[in-house]
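Numbering (my numbering), first residue to last: 2 to 394.
Just so it is clear, CB atoms sit at the ideal spot from N, CA and C, and this is done for glycine as well.
For clarity, every value in this text was computed on a predicted model and none was experimentally measured.
First the structure, in the form of structure tokens, and then the observations on it.
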Amino acid sequence: MKICHQSPTDPAFVQDPYPFYARMRAAGPLVYWEEYGKVAAFSHDAVQTLLKDRRFGREMPPELATEGPDHLAPWLAVEAHSLLDAEPPRHTRLRALVMRAFTSRAISDLAPGIEALCNDLIDACPEDDFDLLEAYCTQVPVITICRLLGVPEAMAPDLLRWSHAMVAMYQAGRTRTTEDAAAQAATEFTGFLRGYVSERRNDPRDDLITRLIAAEEEGTKLSTDELIGTCILLLNAGHEATVHAIANGVKTLLETGTDPAVLAPDAIDRTVEEIMRYDPPLHMFSRYAYEEVTVFGNRFQRGDEVALLLGAANRDPANWERAESFDPTRAIRTNTGFGGGLHFCVGAPLARLEMRIALPILFARCPNLRLTEPPTYSDSYHFHGLTRLMVQR
Ligand code: HEM
């Protein structure tokens, strides 16, 4: 197997990881990525196969688990109850409870409110240069997830602060400062939710937190710690990636000079899928092998990790013609932007709905929208999102 060297914080790589991905796909289905100390899959076939292979999973095998340092305890406590890092049977139980509360009706009911929100945000945008990432792309998902869960919209700035500090733990270049900030955010976030959940117990409403509390009160199905962990996961995952999916989409549409006709009702679904294929906001997730297994010629031992490069799989020429080109007219074909297999993104229908509403409204209300400086990606691999998106409307 080929061994590759690529720092995930190298500025050229952060700005454009796709040439590296193309070289790795050409090197074989699996490559050893020295900086991560892991085998990595870059092709569509290898990534999809491993996402679906039940001999691999996200939860760390118990014999590898360590206590973790004291200063990280609050963050680790939240992680320990996350459905994202669980495997069956715990994952099955937690995911079923979330899905029961996260109904397609609850999602589609959000549409008129998202439309009104997008219009209000555009009304408030300045006439001069402004940062669309902050003024629009961030606000749409964070306010929408507040509404879905039933958290006051005034909490949005706190949710953003806590979430950014907590997800920084997954980004390359983590330091002790990152860890202290994540632990502090987890303490504050958990404290807020404990208070909020107990208020809501006595004052049920028609929202997701109330539906999750009902599941918790049915008995042993959802413990209070799991309820808090699930709310934190939904509140964080509910905006972190969608912000950048919308912003990367705006950037691509403007840079490629794409005709806004691709945002018309009969074309928008393809455009959204193509944005998710061409420049998705999350590029890499890992799996542990649960037994000794040979896949794509590599022998994994129990506990070995494999990195799955979602962003690379999406540009695989074996699966898409002219894979390196943005073509919103291409027929929809499953890409890996939302993952696949057991952990396929719970929020994909919500994220797609937000993109389907936010992009057409933006371009219809701002027909002269243009970039006023070249956007740059932030140094936060495996996240692939912009630092800011300066535009004039
Ligand atoms: C464009 C925006 C989004 C992207 C690109 C995205 C991407 C992903 C990916 C790739 C995974 C699977 C990770 C893995 O297999 O290791 C995932 C899981 C998940 N996502 Fe999303 N997501 C987005 C939006 C959302 C939203 C809006 C929510 C919630 C409201 C959400 C909630 C979740 C949850 C709960 C999981 C864990 C599912 C499980 O472990 O069974 N996501 N997401």
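TODO: Determine the closest residue to tyrosine 137 out of Ile146, Asp129, Val40, Cys119, with distance taken between C-alpha atoms.
DONE: As a working mapping, residue 137 is identified with position 136 in the sequence shown. For tyrosine 137, the nearest C-alpha among the options comes from Cys119.
TODO: Could you check what DSSP says for glutamate 128 in three-state terms: helix, strand or coil?
DONE: Start at 1 with the first residue of the sequence shown, and residue 128 comes out as number 127. Coil.
Task: Backbone CA spacing between alanine 102 and arginine 212 [nearest angstrom] - done: Position 101 of the sequence shown, counting from 1, holds the residue named residue 102. Position 211 of the sequence shown, counting from 1, holds the residue named residue 212. If I take the Cα positions, the gap works out to 6 angstroms.
Task: Length of the line joining the Cα atoms of tyrosine 378 and lysine 3 - done: By 1-based counting over the sequence shown, the position of residue 378 is 377. By 1-based counting over the sequence shown, the position of residue 3 is 2. Rounded to whole angstroms, the separation of the alpha carbons of lysine 3 and tyrosine 378 is 28 angstroms.
- [ ] Give me the Cβ distance between methionine 167 and alanine 186, rounded to the nearest whole Å; I'm assuming they're in contact under 8 angstroms.
- [x] Reading the sequence shown from its first residue, position 166 is the one you call residue 167. Reading the sequence shown from its first residue, position 185 is the one you call residue 186. The beta-carbon separation of methionine 167 and alanine 186, rounded to 5 angstroms, stays under the 8 angstroms limit for a contact.
Task: Whole alpha helix (DSSP H) elements within the region 198-249, 4-residue minimum - done: Entirely contained in the region 198-249, the alpha helix (DSSP H) runs reaching 4 residues are, in chain order, 209-218.
Open item on the list: Using the three-state DSSP reduction, which class does cysteine 138 fall into: helix, strand or coil?
Closed with: To locate residue 138, count along the sequence shown from 1; it is residue 137. For cysteine 138, the secondary structure class from DSSP, reduced to helix, strand or coil, is helix.
Task: glycine 196 in three-state terms, based on DSSP - done: To locate residue 196, count along the sequence shown from 1; it is residue 195. The answer is helix: DSSP assigns glycine 196 an H, G or I state.
Open item on the list: Taking the straight line between their C-alpha atoms, what separation do you get for aspartate 71 and alanine 78?
Closed with: Taking the sequence shown and counting its residues from 1, the one referred to as residue 71 is at position 70. Taking the sequence shown and counting its residues from 1, the one referred to as residue 78 is at position 77. Each residue's Cα considered, the two are about 11 angstroms apart.
- [ ] Below 7 angstroms CB to CB, which residues in the same chain sit around lysine 53 once its five sequence neighbours on both sides are set aside?
- [x] Position 52 of the sequence shown holds residue 53. Hits under 7 angstroms: Gly341, Gly342.
Open item on the list: Helix, strand or coil, according to DSSP, for methionine 285 in the structure here?
Closed with: Along the sequence shown, one-based indexing puts residue 285 at 284. The three-state reading of DSSP puts methionine 285 in strand, counting E and B together.
Open item on the list: Using the three-state DSSP reduction, which class does phenylalanine 43 fall into: helix, strand or coil?
Closed with: Counting from 1 along the sequence shown, the entry for residue 43 is found at position 42. DSSP places phenylalanine 43 in coil when its eight states are reduced to three.
TODO: Let me know the secondary structure DSSP gives aspartate 107 once reduced to three states.
DONE: Along the sequence shown, one-based indexing puts residue 107 at 106. Reading off the sequence, residue 107 comes out as alanine, not aspartate. The DSSP-derived three-state label of alanine 107 is helix.
TODO: Just tell me which of His82, Val48, Gly386 has its CA closest to the CA of histidine 245.
DONE: Numbered from 1 along the sequence shown, position 244 holds the residue referred to as residue 245. Out of His82, Val48, Gly386, Gly386 has the C-alpha closest to the C-alpha of histidine 245.
TODO: Give the range of the beta strand (DSSP E) segment to which tryptophan 321 is assigned.
DONE: Your numbering for residue 321 matches position 320 in the sequence shown. Careful: tryptophan 321 lies outside any beta strand (DSSP E) and carries neither H nor E.
- [ ] Look at the alpha carbon of phenylalanine 190 and the alpha carbon of phenylalanine 297, and state the distance between them as a whole number of angstroms.
- [x] Along the sequence shown, read from residue 1 onward, the residue named residue 190 stands at position 189. Along the sequence shown, read from residue 1 onward, the residue named residue 297 stands at position 296. Separation of phenylalanine 190 and phenylalanine 297 (C-alpha to C-alpha, rounded to the nearest whole angstrom) is 42 angstroms.
- [ ] Look at leucine 360 and leucine 134 and say whether their C-beta atoms are less than 9 angstroms apart.
- [x] The residue you call residue 360 lines up with position 359 of the sequence shown. The residue you call residue 134 lines up with position 133 of the sequence shown. If you check the CB distance, leucine 360 and leucine 134 do not come in under 9 angstroms.
Open item on the list: Can you tell me whether asparagine 120 is helix, strand or coil according to DSSP?
Closed with: Along the sequence shown, read from residue 1 onward, the residue named residue 120 stands at position 119. Reduced to three states, the DSSP call for asparagine 120 is helix.
Open item on the list: Just verifying my parser: in three-state terms, what is the DSSP assignment at glutamate 306?
Closed with: Looking up residue 306 in the sequence shown gives position 305. Reduced to three states, the DSSP call for glutamate 306 is strand.
Task: Close beta carbons around leucine 255, own chain, < 6 angstroms, minus the five adjacent residues each side - done: The sequence position of residue 255 within the sequence shown is 254, counting from 1. The residues are Leu372.
TODO: Could you spell out where the alpha helix (DSSP H) holding valine 392 opens and where it closes?
DONE: For this step, residue 392 is matched to residue 391 along the sequence shown. Looking at the DSSP string, valine 392 is not in any alpha helix (DSSP H); the run it does join, the beta strand (DSSP E), is 391-393.
Task: The alpha helix (DSSP H) enclosing leucine 31, as first and last residue numbers - done: Against the sequence shown, residue 31 aligns to sequence position 30. No alpha helix (DSSP H) holds leucine 31; the beta strand (DSSP E) holding it covers 31-34.
Open item on the list: For a test of your reading of the model: does the CB of cysteine 346 fall under 8 angstroms from any non-hydrogen atom of the ligand HEM? Yes or no.
Closed with: Numbered from its first residue, the sequence shown carries residue 346 at position 345. For the ligand HEM, at least one heavy atom lies less than 8 angstroms from the Cβ of cysteine 346.
- [ ] Evaluate threonine 104 with the Cβ neighbour count: other Cβ atoms within 10 Å of its Cβ, from every protein chain shown; 16 or more gives buried, anything less gives exposed.
- [x] As a position in the sequence shown, residue 104 is number 103, starting the count at 1. By the neighbour-count rule (16 or more Cβ atoms within 10 Å), threonine 104 is not buried but exposed.
Open item on the list: Mapping the DSSP letters down to three states, classify valine 143 as helix, strand or coil.
Closed with: In the sequence shown, residue 143 corresponds to position 142, counting from 1. For valine 143, the three-state secondary structure derived from DSSP is helix.
Open item on the list: Are there any heavy atoms of the ligand HEM lying less than 8 angstroms away from the beta-carbon of methionine 277, as far as the coordinates show?
Closed with: For the purposes of this step, residue 277 is identified with residue 276 of the sequence shown, where counting begins at 1. Correct: methionine 277 has its Cβ closer than 8 angstroms to the ligand HEM.
- [ ] Check whether the region 30-48 touches the region 56-74, taking contact to mean three or more Cβ pairs, one atom from each stretch, closer than 8 angstroms.
- [x] Two segments are said to touch when three or more pairs of C-beta atoms, one from each, lie closer than 8 angstroms; by this definition the region 30-48 does not touch the region 56-74.
- [ ] Could you name the residues that DSSP lists as bridge partners for cysteine 5?
- [x] Counting from 1 along the sequence shown, the entry for residue 5 is found at position 4. Answer by DSSP bridge pairing, in chain order: Trp34.
Open item on the list: With a threshold of 8 angstroms, are at least 3 pairs of Cβ atoms found where one atom belongs to the region 216-231 and the other to the region 106-123?
Closed with: Touching, no.
Open item on the list: I'd like the span of the alpha helix (DSSP H) that includes valine 99, first residue to last.
Closed with: If you number the sequence shown from 1, residue 99 lands on position 98. For valine 99, the enclosing alpha helix (DSSP H) has its first and last residue at 91-102.
Open item on the list: Please state the DSSP three-state secondary structure of tyrosine 378.
Closed with: Mapped onto the sequence shown, residue 378 falls at position 377. In the three-state reduction of the DSSP assignment, tyrosine 378 falls in the strand class.
Open item on the list: Need the endpoints of the beta strand (DSSP E) that valine 300 sits in, please.
Closed with: Within the sequence shown, residue 300 is the residue found at index 299, counting from 1. At residue 300 the sequence reads arginine, which differs from the valine that was named. 299-301 is the span of the beta strand (DSSP E), which, as asked, contains arginine 300.
- [ ] Please report the Cβ distance between alanine 290 and lysine 39, rounded to the nearest whole angstrom; I am assuming they are in contact, meaning their Cβ atoms lie under 8 angstroms.
- [x] Counting from one through the sequence shown, the residue named residue 290 turns up at place 289. Counting from one through the sequence shown, the residue named residue 39 turns up at place 38. Between lysine 39 and alanine 290 the Cβ distance is about 11 angstroms, and since that is not below 8 angstroms, they are no contact.
- [ ] Could you check which residue in His344, Tyr279, Leu354 has the C-alpha nearest to that of alanine 112?
- [x] Along the sequence shown, one-based indexing puts residue 112 at 111. Ranking the options by Cα distance to alanine 112, first place goes to Leu354.
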